[in-house]
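Numbering (full-length UniProt numbering), first residue to last: 1 to 527.
Right under this line is the structure:
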């Protein structure tokens, strides 16, 4: 209690008392000049004395000076400091009023601006008022069947080319197997080649090693084996062990790789078995078998690869795969292409929700619209007690909701524009959008930690890396090395959500003329 009394007594000084009363009397007198009924008897008395001596304007000027002096006395500061603080306060007040004025002008012009993001054929969400969506409202109506949906003609595979280029040149396989065995034996490792898998880009030699041999001894000899084989690229990749087998695989690049046409994968038995509309043709593995996966089960895909590694070609192949198997009412696309040249050709196809987005400023609006659409679908599912989009389409009795595939071909450009907002939007979609049928494919040629943040990676388990420049980049995208040893031109490592080890695949190739034929067929389908 004594301490509190001391604190209070230190605050009440002669300066504060004199400054306070001088300020109070000056304000009362000034208020009387402005309005005679407001200053009270004391204010009226002081005003009459000063007015008789200095006139009313002179009295007002003196009172303003006294108010400033009272502030100086009360705060025990200098006159120039008080004037500077007052000036800053006036400037801040002016800027605030100016911002309010300009904001009012912007609100008046908002209706005349070009919309940032509009959709074709889908209603805008009711959640636009919640602040999540800045997209311009479109007429609120359910997605209706398009004129040609009931007689939709799927594009024929004849649009695509059967084969591209010559077969792969692998060299003397028997001689290479003998060289591998001799090289390992020279380092004290007993091994025998028991299986050879011939893939389009690499040939895998499967080794059976003696009991008690450490795998690290073999993996550390990758450069020595490459030297002995005179590998075309100077590197070999060792897979120890091969998943599902008690063997060690040594992947040697072919002298000339074989290009995998998209048609061969689409016509394969594995693709025919896949009933999902979101099935993706990934390519051929090291044994020449077609690899197909379902984007709906991934449920999102993270891709990385340097320039010329085949990343954009793979994206076009994935889009083509879906277009060959799905109608516009079953799958919709939102294509985001900050580089402008990679995905712009797809403009005009009926599967697009909006034109291909090339303006970075519109990307965030599109992501916010997707979040709003996701929340809207969850409310619809709750009304009919459906757990996912497939169940809703079966039991709702209404028009089936389409899947929505969001593809961003250069995440780095988008992250540079608004890193925090884009990361939040992507993370929220990755966490919650699977059940409502919204899926993402995110690609970047710069897999750094500021682009592929830990939060994004934690919510997107499916990864795909093409050739990258360093082991660091490979670790960022697939959490292990190996991407730096890929050959480029579609050679990839794919990590599905159900596996921890990557699978080496040669991606399919779809040429520009083939894409143009597919687009022409779709735009002329009467939809």
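Cβ atoms here follow ideal geometry from the backbone N, Cα and C, with glycine treated the same way. Keep in mind the model is a prediction, meaning the values are calculated, not measured.
Beta-carbon gap between residue i and residue j smaller than 8 Å
| i | j | result |
| --- | --- | --- |
| residue 292 | residue 279 | yes |
| residue 389 | residue 435 | yes |
| residue 248 | residue 209 | yes |
| residue 338 | residue 360 | yes |
| residue 529 | residue 52 | The requested residue 529 does not occur in the structure, where the chain is confined to residues 1 to 527. |
| residue 322 | residue 405 | yes |
| residue 17 | residue 67 | no |
| residue 335 | residue 357 | yes |
| residue 407 | residue 441 | yes |
| residue 320 | residue 522 | no |
| residue 219 | residue 238 | yes |
| residue 374 | residue 433 | yes |
| residue 268 | residue 290 | yes |
| residue 203 | residue 193 | no |
| residue 509 | residue 286 | no |
| residue 506 | residue 283 | yes |
| residue 409 | residue 366 | no |
| residue 477 | residue 452 | yes |
| residue 65 | residue 47 | no |
| residue 364 | residue 304 | no |
| residue 532 | residue 177 | For residue 532 there is no data in the structure shown, the boundaries of the chain being 1 and 527. |
| residue 301 | residue 464 | yes |
| residue 473 | residue 502 | no |
| residue 439 | residue 403 | yes |
Range covered by the beta strand (DSSP E) that runs through residue i
| i | result |
| --- | --- |
| residue 49 | Looking at the DSSP string, residue 49 is not in any beta strand (DSSP E); the run it does join, the alpha helix (DSSP H), is 40 to 75. |
| residue 281 | 279 to 285 |
| residue 170 | Taken as a continuous stretch (DSSP letters only), residue 170 belongs to no beta strand (DSSP E), as it is neither H nor E. |
| residue 332 | 331 to 336 |
Continuous alpha helix (DSSP H) stretch holding residue i: start and end
| i | result |
| --- | --- |
| residue 320 | 311 to 325 |
| residue 216 | 215 to 219 |
| residue 174 | 173 to 186 |
| residue 269 | 269 to 273 |
For residue i, three-class secondary structure by DSSP
| i | result |
| --- | --- |
| residue 487 | coil |
| residue 450 | coil |
| residue 298 | coil |
| residue 261 | strand |
| residue 445 | coil |
| residue 355 | coil |
| residue 33 | helix |
| residue 197 | strand |
| residue 518 | helix |
| residue 247 | coil |
| residue 192 | strand |
| residue 474 | helix |
| residue 465 | strand |
| residue 290 | strand |
| residue 224 | helix |
| residue 136 | Reliability fails at residue 136, whose pLDDT of 35 lies under 50, so the model's placement of it is uncertain and no value is given. |
| residue 458 | helix |
| residue 27 | helix |
| residue 207 | strand |
| residue 481 | coil |
| residue 149 | The pLDDT assigned to residue 149 is 45, lower than 50, so where the model puts this residue is not dependable, and the model offers no usable value. |
Bridge partners - residue i, DSSP secondary structure assignment
| i | result |
| --- | --- |
| residue 253 | 202 |
| residue 504 | 493 |
| residue 157 | Paired residues: none, contrary to the question. |
| residue 239 | 249 |
| residue 18 | DSSP, once it has assigned bridges, lists no residue as partnering residue 18. |
| residue 304 | 444, 465 |
Heavy atom of the ligand ATP within 7 Å of residue i beta-carbon
| i | result |
| --- | --- |
| residue 171 | As far as ligands go, the structure on display features none, and thus does not contain the ligand ATP. |
> What beta strand (DSSP E) runs, 3 residues minimum, are completely inside the segment 366 to 444?
Replying inline: Whole beta strand (DSSP E) segments, 3+ residues: 403 to 409, 438 to 444.
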